[in-house]
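**Q** Below are the C-alpha cells for one structure; questions will follow.
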Amino acid sequence: MRIIFCGTPEFASVHLQGLIDADVIPIAVFTQPDRPSGRGQKLTACPTKALALANGIPVYQPLNLKNDEIIELIKNLHCDLMIVVAYGLIIPKNILTIPTLGCINVHASLLPRWRGAAPIQRAIEAGDKETGVTIMQMDEGLDTGNMLAIYPCPITDQDTGKTLTDKLIPFGIKGLRKVLEQLKNKTIESLPQPSEGVTYAHKITKEETVINWSHTATQIDRQIRAWQPHLVAKTLHHGNIVKIYQAEVIDSDIEAQPGTIIGIQNGIEVACGKGRLTIQTLQIAGGKALPSHDFLRGHPMQIGEVLGQ
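Here's what the structure looks like:
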C-alpha cells in the first residue's frame with residue numbers, strides 16, 4: 008500500500024514511528040515548514056520531519072495544499088491512502104479525493120465531542136472524565152467524517168495536557184494498525200458520527216493562559232493542567248510574569264479579593280472567585296520551575312499581595 012503521511016508535532020511523529028515499527032513505510036511525509044525555535048530563533052525541523060529524514064523518507068513542506076503544483080505532486084505520487092495526524096493544515100476537497108482509499112485522520116477525542124484544533128486541552132479544561140481517540144475517514148468538514156475505530160480513555164484529576172497526550176498515543180497507534188489491516192483485507196466498516204453532542208475545541212490562545220483569579224479554583228486548576236506543556240498558565244507578581252505548573256484546589260471559601268495571597272506556609276495559597284488554590288510549582292520569567300518553598304527564597308511573596316497586577 009502506497010501511503011502519504013501528513014503530520015508535524017511529536018504526537019504525529021510517534022504515530023509515524025508506530026507505522027515504521029510495523030514495517031509500513033510511507034512513500035512521502037508532509038509536514039509544516041520549519042519554524043524559528045529557542046532563544047536564537049533558529050529554523051528547526053519538527054519531530055516528524057526529523058524522523059522521516061532519519062528513515063530515508065522524502066519530506067515535503069508546503070505552506071498550504073491549495074496550489075496547483077502541490078496538487079499535481081500528490082497526484083504523481085500515486086498514493087493509495089493519506090494518513091493525517093496533527094498536521095495543522097487544512098486538506099482541501101480536491102486532495103481528499105486523490106488517494107484511491109481516501110484520507111484518514113487520528114483525532115484525539117471521542118467524536119463528535121471536541122472537533123477542532125485542541126481536543127486534549129479542551130477536554131481537561133471542561134472537566135471531562137473521559138476522552139479517547141477516533142480514527143475517521145476525512146471529508147471536507149471539520150472532523151465530521153465517518154468513524155472507523157474508537158478507543159475511550161479516562162481523564163484523571165491529575166492529568167495534564169502532556170500526560171493525557173501520552174496516554175492517548177498507544178490507542179492512536181493501535182487504531183492506525185487495525186484500520187490499515189482492515190483496509191488491506193477489505194473488511195473496513197464505518198459509522199457516521201452522532202448528530203448530538205457536537206463541541207468544538209478551538210485553538211488555545213496566549214491570552215487564555217493568563218489566569219483570571221475571579222474564576223473558581225477548580226476551573227483555574229483545570230486550565231493550569233490543560234495548557235501544559237506548550238502553553239503554561241501565568242499570572243503577574245509586581246509586574247513580573249510567573250508561570251504556574253502545579254496547584255491544589257481547596258474547596259472552602261475565604262473573604263478576600265480574588266488573587267490575594269492568603270498563606271505561604273504550605274505552598275502559596277491564593278483566594279479565587281470560589282475556593283482557594285495552593286500553588287505548588289512555579290517559575291519566574293527566565294528562571295527554572297521550582298517548588299513553592301524554593302521559589303519564595305529567591306522571590307519573596309507576602310500575605311495580602313494580589314497576584315495578577
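Start counting at 1 in the sequence shown, then tack on 7, and there's your number in my numbering. Don't be surprised by glycine CBs; every beta carbon is placed ideally from N, CA and C.
(1) A278 and L289 look like a contact to me (Cβ under 8 Å); what is the Cβ gap, rounded to whole Å?
(2) CB D166 to CB R232, shorter than 8 Å?
(3) In terms of residue numbering, what span does the beta strand (DSSP E) encompassing P119 cover?
(4) Are the region 185 to 197 and the region 37 to 45 touching, with three or more C-beta to C-beta distances below 8 Å?
(5) CB-CB under 7 Å to M5, same chain, minus the five flanking residues each way: which ones, in chain order?
(6) Let's see if you can read the secondary structure: which residues bound the alpha helix (DSSP H) around E76?
(7) Counting only runs of 4+ residues fully inside the region 178 to 217, write out the alpha helix (DSSP H) ranges in chain order.
(8) So is H209 buried or exposed if we call it buried at 16+ other beta carbons inside 10 Å?
(9) Would you list the residues sitting across from Q144 in a DSSP beta bridge?
(10) I believe I131 touches V113 by the beta-carbon criterion, under 8 Å. Please report the beta-carbon distance rounded to the nearest angstrom.
(11) Is L23 helix, strand or coil by DSSP?
(12) Are F18 and I90 touching if we call contact CB-CB under 8 Å?
(13) Return the chain-ordered list of same chain residues with a C-beta closer than 7 Å to the C-beta of I78, the five sequence neighbours on each side being excluded.
(14) Buried or exposed: D228, going by 16 or more other Cβ atoms within 10 Å of its Cβ?
(15) Looking only at its chain, what residues have a beta carbon closer than 8 Å to the beta carbon of E137, apart from the 5 residues adjacent to it on each side?
(16) What three-state label does DSSP hand R42 in the structure shown?
(17) With I268 as the anchor, note down where its beta strand (DSSP E) starts and where it stops.
(18) Starting from the C-beta of V92, find all residues in its chain whose C-beta is less than 6 Å away, skip the five residues before and the five after it, and write them out in chain order.
(19) Please list the segments of the beta strand (DSSP E) lying wholly inside the region 248 to 284, counting only runs of 3 or more residues, in order along the chain.
(20) Along the alpha helix (DSSP H) that carries H306, what are the first and last residues, could you check?
(21) With H, G and I counted as helix, E and B as strand and the rest as coil, what does DSSP make of A61?
(22) Please go through the same chain and pick out, in chain order, the residues whose beta-carbon is closer than 8 Å to the beta-carbon of L84, but skip the five residues on each side of it.
(23) Helix, strand or coil for A233? Go by DSSP, reduced to three states.
**A** Inspection of the coordinates gives the following:
(1) With a Cβ gap of about 17 Å, A278 and L289 do not count as contacting.
(2) The answer is yes: Cβ separation under 8 Å.
(3) Unbroken run through P119: none, as it is neither H nor E.
(4) no
(5) As shown, the chain starts at 8 and ends at 316. That puts residue 5 outside it, with no answer to give.
(6) 75 to 83
(7) none
(8) Counting Cβ neighbours within 10 Å, H209 comes out exposed, since fewer than 16 surround it.
(9) Per DSSP, I111.
(10) Going by Cβ atoms, the distance from I131 to V113 rounds to 19 Å, so no, they are not a contact pair.
(11) helix
(12) no
(13) N101, I102
(14) buried
(15) Result list for E137: L117, P159, C160, P161, I162, in chain order.
(16) Collapsing the DSSP output to three states places R42 in a strand.
(17) 268 to 270
(18) G14, A19, H22, V113
(19) 268 to 270, 275 to 278
(20) Counting along the chain, H306 falls outside any alpha helix (DSSP H), and DSSP gives it neither H nor E.
(21) helix
(22) R9, I11, I34, A35
(23) helix
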